[in-house]
Amino acid sequence: MQLKNNKAFTIIEVLIAAFIIMIVTIGFLRGILFFIQYSIANKMKDKASEYNLMVAKFYQTIDYSKIDYFPQWQNETCDTTNSTCTFLQTDSDGDNIPDFYDPYNGNNDTFNTNPLSTANWLSVKPNNDGTCDYSNLPQINSLTSKPNCIISFKDNINIQKFRIYTGITTAKIMNGPLESGIAIGVITWYFDPNTNKYKSVHTIVFKEKTQ
13 MQLKNNKAFT IIEVLIAAFI IMIVTIGFLR GILFFIQYSI ANKMKDKASE YNLMVAKFYQ
73 TIDYSKIDYF PQWQNETCDT TNSTCTFLQT DSDGDNIPDF YDPYNGNNDT FNTNPLSTAN
133 WLSVKPNNDG TCDYSNLPQI NSLTSKPNCI ISFKDNINIQ KFRIYTGITT AKIMNGPLES
193 GIAIGVITWY FDPNTNKYKS VHTIVFKEKT Q
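Sequence positions in the sequence shown follow this note's numbering and run 13 to 223.
This is how it looks when you write it as C-alpha cells:
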C-alpha cells in the first residue's frame with residue numbers, strides 16, 4: 013500500500029521553521045546593533061576623557077599671568093580641610109551641575125540641536141570650525157600651539173553627532189585680601205549619538221600665584 017504524502021503538513025512545518033529563523037535572525041541583528049551602539053558610546057567617553065586630560069595638561073603648563081579673565085568667580089575661597097571651594101556652590105539653572113562644570117544655562121540635554129549656545133560664564137568656548145574662542149584670554153590666543161575646542165570621534169567635525177566639545181571656566185582664589193591662585197575648570201562634553209543625552213567629564217587645574 014502506498015503512503016499518502018501530506019503536503020499541507022510539510023508547508024506548515026516550513027512556515028514554522030522560517031518564522032523561528034526570522035525571530036532568531038532579528039534577535040541576532042538587534043544584538044549586533046546594541047553592541048555597536050554600546051561600543052561607540054564607550055569609545056566617545058574614552059576619547060572625551062583623554063582629550064580632557066590633554067587640555068588640562070596644557071593649562072597646567074602655561075604661565076599664570078595668561079589667565080586674567082574671571083566672568084563670575086573673582087573673589088573665591090577654598091577650604092582645604094573639607095576640600096570645598098565657593099566657586100562650586102553656584103548652580104544658576106538649578107540642574108544640579110555647578111556652573112563651574114556646566115557649559116550651558118538650562119537643561120543640557122536640550123542643547124543637542126544647538127550645542128554652541130554656551131553659557132556666558134565660560135572664559136573659553138568652542139567655535140563652529142573647531143577652534144576655541146579665546147577672545148577673553150588673548151594671551152593664550154597669541155600662542156602658536158594650543159588645543160582646539162571641538163574634536164570628533166570620527167575625525168570629521170562636520171558630523172555633529174560625533175562632536176566632542178571643550179570649554180573653560182576660571183576662578184580667582186583669594187586668601188584674605190591677597191590673590192593666592194586661580195582655578196581652571198576644563199569641561200569636555202558630548203551628546204550620546206544613540207540617545208542625544210548630555211555627557212561630560214571635567215577636571216580642575218589649580219595654579220598657585222608665585223611671588
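For each residue, glycine too, the CB sits at the ideal point set by N, CA and C.
A residue is called buried once 16 or more other Cβ atoms fall within 10 Å of its Cβ, and P159 is buried on that count. Contact annotation: I176 and M34 have beta-carbon atoms that are not nearer than 8 Å.
Fewer than three Cβ pairs drawn from the region 165 to 174 and the region 66 to 83 lie within less than 8 Å of each other, which leaves the two stretches out of contact. Here the alpha carbons of G43 and T89 stand approximately 51 Å from one another. Taking C-alpha positions only, L128 is separated from T122 by approximately 12 Å.
Y202 and A68 have their C-alpha atoms spaced approximately 17 Å apart. The alpha-carbon of G197 is positioned some 12 Å away from that of S212. Taken atom to atom, the span from the alpha-carbon of P138 to that of K166 is near 18 Å. Spatial neighbours of L134 in its own chain (CB-CB distance under 7 Å, excluding positions within 5 residues in sequence) are listed in chain order as P115, G179, I180 and T181.
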